[in-house]
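Asks:
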Amino acid sequence: METEFIIRTLFKAYEKGNYVVGPSHLSKELDIPKSTAQKILIQLSELGYGFYVERKGFIFSEKGLREGKRILRRHRLLECLLEDLGMDKSEICEEASKIDLAFGSGLERLIEEKYGKKERCPCGKPIPSL
Ligand SMILES: [Zn+2]
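Here it is as structure tokens:
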């Protein structure tokens, strides 16, 4: 599973105040076995995105937090674009989730120019600043 995808999931939990995310949370969110979720969290910590504490869970490092903010910023700025295009609010987040990890730096620059000053996405969540 793609690293950015996992980090996006973990950072959403972090935003809600879950600073230590255990394998059960990830397993539920992604519908994968708990043992797989644990392996993924250990791998992420080996990549320097955080620390895995046995029997507790995953805690973001500075590097992990930076990556999480970057990913969620892209996601929420993209949501602003989708709203502008007239997409229904109820569909925006799901649609953005399908493409937010895939689009390239050209589009990223354009949406930064256009929506970069916004503080909240269409559903009212804060757009992280870098
Ligand atoms: Zn969203």
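So the sequence shown is numbered by my numbering: it starts at 820 and just counts up by one. Positions of the beta carbon are idealized from the N, C-alpha and C atoms, including for glycine. Please read these numbers as outputs of a predicted model, since none were measured by experiment.
1) Do L829 and G887 have their beta-carbon atoms positioned less than 8 Å apart in this structure?
2) Pick helix, strand or coil for G925, following the three-state DSSP scheme.
3) Using a Cβ-based criterion (distance less than 7 Å to any ligand heavy atom), does C899 qualify as near ligand 1?
4) Using the Cα positions of A921 and I825, report the straight-line distance between them to the nearest angstrom.
5) So what does G876 bridge to, in DSSP terms?
Replies: According to the structure data:
1) yes
2) helix
3) no
4) 14 Å
5) V872
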